[in-house]
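S.K.: So the sequence shown is numbered by my numbering: it starts at 19 and just counts up by one. Just so you know, even glycine gets a beta-carbon here, dropped at the ideal spot from N, CA and C. Keep in mind the model is a prediction, meaning the values are calculated, not measured. Can you keep this structure in mind? I'll have questions shortly.
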Amino acid sequence: MSSVATVLPQGAGYGVVVGIGLFFSAFMIGLTAIQARYTPFSPRSSEEFSSASRSVKPGLIAAGIVSAWTWAATLLQSSAVAYKYGISGPWWYGSGATIQVLLFAMIAAKLKSNAPYAHTWLEIVGVRWGKTAHLVFMFFGFATNIIVSSMLVLGGSATVTDLTGMNTIAACFLIPLGVSIYVVVGGMRSTLLCDYTHTTVLFVIILVFVFSVYATSDKIGSPGKMYELLTAAAAAAPVEGNAHGSYITMRSKNGLIFGVINIIGNFATVFQDQAYFQRAIASRPSSTVKAYLLGGIAWFAIPFTLATTLGLAAVALRGDPAMRVLSPADVSAGLPAAAAASALLGKSGAAALLVLLFLAVTSATSAELIAVSSLLTYDVYKKYINPEATEAQILRVSHLMVALYALVIGLAGLIFFYIGVSMGWLYTFMGVILGSGVAPIALCITWSRANKWGCIVGSLVGFGAGIIAWLVTTATLNGGVINVTTSGGDFEMLAGNLASIGVGGIIATVTSLIWPEDFDFESTRAINKPELIAQILEKEAAGKEDGRPSMEKKERAPSVADSFDAAEIEDELDPVALNKAFLFAAWSSLVLLVVLIILIPLPLFFASTIYGKGGLTAWVVIGIIWTFLSAFSVVLYPLWESRAALSLIFRGVIKDIFARGSGKFVEPSPQAA
Ligand SMILES: NC(N)=O
């Protein structure tokens, strides 16, 4: 990174990382206390801690998906590819990472029908295919979480250091620290509430940048002026591989290569990350698909619009006295967005970007913390160490694992920082080592015919093939020199990504077609399945003989007795309805995939058009409209759908104010139910 004077003082870095971190921790702890007092949900149950009692409505789940999927890279790497490749960069970043969330709607629907009470995706693998598969896929699961978490702290700390001079190592450790506090206290529901508040502020700040760049800034101020500045920048330094070297074209060879790498890498980090399974698990069965489709479509606007704004502004402002000169290392660290924000709005721009980044990083980190805590608790502790663990032990271990993983994230950030691996490098590398597990894992959870050994071997051989293809291509294209710089090139990463996902997918699919299993998913449906409360009562009645009829068909899980209406959840697990939801997810996600990565970008690529002022204006206006619609979906819609809960809380608070102690939520008696 180039050494330049920072825009903000070091104190601002510590203020944001420690101050806002602790503020949000206190805020979330307060919210959790309100939830425990005025609603039926208490994080003292392990089921509520790890899966929010499987009761969350689609708007809040969608906000949680948007938030967990908004990484440091979403803001920084997207702007870096806009800076490098022009308008195609934000498109490929947005579409190449949206389609996986949309396709995950199918996995989510299958999860609800094939293992509705599982806590983690690895539990399903373990029950279906046993210990070897469980351990092999656990490697891919943890590798995914560690890579994603490292990118979060690397991107976050690089930008905090760049803007404020704060010590990078301190940032690597302090960022996860504040988050771990509220995750330990509040669990999954608190994480979702935090996601919601962070996402709300995130949209506000993005819109501030958009209107500043395209409406009010005296340096740019309109799409027309942006067009003129980008045209001048291309004339001074044409973009290699772009039509006429222009920034305002979809004809970008390197943009397209990035698009392919982006698509592969993001398959790995959605399909193997417990964080996305956990949101499906926390969701009500009837609305899981809706939540993923809504979340995916809403998320697109974040990288697309922000990068079209700040990434392009960083190009347009080249030569401006306030705009720093960016080295290739700065671009790889994702710094064009920060440089543009500072050049446009000075200290307030830098501060706004810092807060934006911090909120994105912390909410995605909270998702990773609770995801890894669940894997360590259920797939390591409960499965291999203490199968008879009590509710209290599970909860205690969950808490401990959150704290432990916060420390691991700091250490991983530190290690990558010292070996010189940046967020941008890691972002394009993730598919090389994670890609091979994508198809095998998706097949295990969704397909009765998937072959166990085909999927295990496919993921391992694909892993080796990815690494070999990446290293061989690096050596071939760089005269035998293999280091962090040479191995990070576009073709080197492309080869590794393609080999990994391709070999893993082909072996898993072909072996499953040749030697299909006939798995009925009955054993995975039984994972953690609650006992029928009718059965429990019948057992009691047999002892008491009081003649009172059992409580009809109401179900209740002993471990979640205080927090979810299992009968309602069971109703929503109707196989016919879930199959319809799966088909809807399949059709809609596939149609959107074709539109987003084929029908729109490829004709524009082959047309080689260089857009004029009108074209760029339309492009920007589409981004702004999409951003507003996204904000309505994940900011206003969750409020509307939670109106009953909000009114419950409001009534509880009012009662407490007028008659101290009377507002606490009391579970209705069974007879009243
Ligand atoms: N979540 C991503 N790929 O920005």
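For the putative contact between Ala468 and Ser530, defined by C-beta atoms under 8 angstroms, what is the C-beta separation to the nearest angstrom?
M.R.: Contact holds; Cβ gap of about 5 angstroms.
S.K.: With DSSP run on the structure shown, which of helix, strand or coil describes Thr267?
M.R.: In this structure, Thr267 counts as strand in the three-state DSSP scheme.
S.K.: On the DSSP bridge list, what partners appear for Ser301?
M.R.: Paired residue(s): Val74.
S.K.: Rounded to whole angstroms, how far is the Cβ of Gln692 from the Cβ of Thr182, which I believe are closer than 8 angstroms?
M.R.: Lying outside 19 to 691, the shown extent of the chain, residue 692 is not represented and no answer is given.
S.K.: Just the C-alpha distance for Phe157 and Thr88, rounded to the nearest angstrom, thanks.
M.R.: Cα-Cα distance, rounded: 24 angstroms.
S.K.: Can you tell me whether Glu246 is buried or exposed? The criterion is at least 16 other CB atoms within 10 Å of its CB, across all chains shown.
M.R.: Its Cβ having fewer than 16 others within 10 Å, Glu246 is exposed.
S.K.: Use the C-beta contact count for Lys308: other C-beta atoms within 10 angstroms, 16 or more gives buried, fewer gives exposed.
M.R.: Its Cβ being crowded by 16 or more others within 10 Å, Lys308 is buried.
S.K.: Classify Ile643 as helix, strand or coil using the three-state DSSP reduction.
M.R.: If DSSP states are grouped into helix, strand and coil, Ile643 belongs with the helices.
S.K.: Nearest chain D C-beta to Phe602 closer than 8 angstroms, yes or no?
M.R.: Included in the structure is just one protein chain, with no chain D present.
S.K.: Would you kindly check if the distance between the Cβ of Val502 and the Cβ of Gly438 is under 8 angstroms?
M.R.: Yes, they are a contact pair.
S.K.: Sorted by chain position, which residues of the same chain lie with C-beta nearer than 8 angstroms to Ala513's C-beta, five sequence neighbours on each side aside?
M.R.: Ala487, Trp488, Val490, Thr491, listed in sequence order.
S.K.: Which of the three DSSP states is assigned to Asn469 in this structure?
M.R.: Asn469 falls in the coil class under three-state DSSP.
S.K.: Between Val420 and Ser381, is the Cβ-Cβ spacing less than 8 angstroms?
M.R.: No, these two residues do not count as a Cβ contact at 8 angstroms.
S.K.: By DSSP's criteria, Phe628 is part of a beta bridge. Which residues make up the other side?
M.R.: Sequence inspection shows Ile at residue 628; the Phe mentioned does not correspond to that position. Beta-bridge pairing links Ile628 to Thr267.
S.K.: Which word fits Tyr200, buried or exposed, when buried means at least 16 other C-beta atoms lie within 10 angstroms of its C-beta?
M.R.: Buried: at least 16 other Cβ atoms inside 10 Å.
S.K.: Determine the contact status of Val373 and Val34, defining contact as a CB-CB distance below 8 angstroms.
M.R.: Closer than 8 angstroms, so yes.
S.K.: Would you check if the distance between the CB atom of Met341 and the CB atom of Ala356 is smaller than 8 angstroms?
M.R.: Not in contact: Met341 and Ala356 (Cβ atoms no closer than 8 angstroms).
S.K.: If you check the beta carbons only, do Tyr399 and Ala407 fall under 8 angstroms apart?
M.R.: It is a contact, given that the beta carbons lie within the stated cut-off.
S.K.: Here's the rule I'm using: 16 or more other beta-carbon atoms within 10 Å means buried, otherwise exposed. How should Thr494 be labelled?
M.R.: Flag for Thr494 reads exposed.
S.K.: Specify the secondary structure class of Asn132 as computed by DSSP and reduced to three states.
M.R.: In this structure, Asn132 counts as helix in the three-state DSSP scheme.
S.K.: Could you check which residue in Leu617, Leu375, Phe276 has the C-alpha nearest to that of Met511?
M.R.: If we check each option's Cα against that of Met511, Phe276 comes out closest.
S.K.: Is Pro108 close to ligand 1? I mean its beta-carbon at under 7 angstroms from any heavy atom of the ligand.
M.R.: No, the Cβ of Pro108 stays beyond 7 angstroms of every heavy atom of ligand 1.
S.K.: Within 7 angstroms: the Cβ of Ala80 and any heavy atom of ligand 1?
M.R.: No, Cβ of Ala80 sits at least 7 angstroms from all heavy atoms of ligand 1.
S.K.: Are the segment 428–435 and the segment 445–462 touching by the rule of at least three beta carbon pairs closer than 8 angstroms?
M.R.: No, because fewer than three Cβ pairs between the segment 428–435 and the segment 445–462 fall closer than 8 angstroms, the two stretches do not touch.
S.K.: If I follow the unbroken alpha helix (DSSP H) through Pro534, where does it start and stop?
M.R.: Looking at the DSSP string, Pro534 is not in any alpha helix (DSSP H), and its letter there is neither H nor E.
S.K.: What does the alpha-carbon distance come out to for the pair Pro303 and Leu596?
M.R.: The straight-line gap from Cα to Cα measures roughly 8 angstroms.
S.K.: In three-state terms, what does DSSP make of Asn496?
M.R.: Asn496 falls in the coil class under three-state DSSP.
S.K.: Does ligand 1 have a heavy atom nearer than 7 angstroms to the CB of Pro321?
M.R.: Pro321 Cβ: within cutoff of ligand 1.
S.K.: For Phe650, is the classification buried or exposed, using 16 other Cβ atoms within 10 angstroms of its Cβ as the cut-off for buried?
M.R.: It counts as exposed.
S.K.: Grab me the residues of Asn132's own chain with a C-beta within less than 8 angstroms of its C-beta, minus the 5 sequence neighbours each way, in chain order.
M.R.: Closer than 8 angstroms at the Cβ level, and outside the excluded window around Asn132, lie Ile142, Ile463, Thr464, Phe539, Thr542, Arg543.
S.K.: Where Pro339 and Ser235 are concerned, what is the direct C-alpha to C-alpha distance, given to the nearest angstrom?
M.R.: Using only the alpha carbons, I get a separation of about 15 angstroms.
S.K.: With C-beta atoms as the reference, is Phe537 less than 8 angstroms away from Arg146?
M.R.: Yes; because the gap between Cβ atoms is below 8 angstroms, this pair is in contact.
S.K.: Is Lys631 near Pro241, with beta carbons less than 8 angstroms apart?
M.R.: Yes, they are a contact pair.
S.K.: Can you name the start and end residues of the alpha helix (DSSP H) that Met419 belongs to?
M.R.: Segment 409–437, the alpha helix (DSSP H) holding Met419.
S.K.: Using CA atoms only, rank isn't needed, just tell me which of Phe435, Thr446, Trp443, Ser518 is closest to Gly480.
M.R.: Out of Phe435, Thr446, Trp443, Ser518, Ser518 has the C-alpha closest to the C-alpha of Gly480.
S.K.: Would you say the beta carbon of Ala91 comes nearer than 7 angstroms to a heavy atom of ligand 1?
M.R.: Checking every heavy atom of ligand 1 against the Cβ of Ala91, one is found closer than 7 angstroms.
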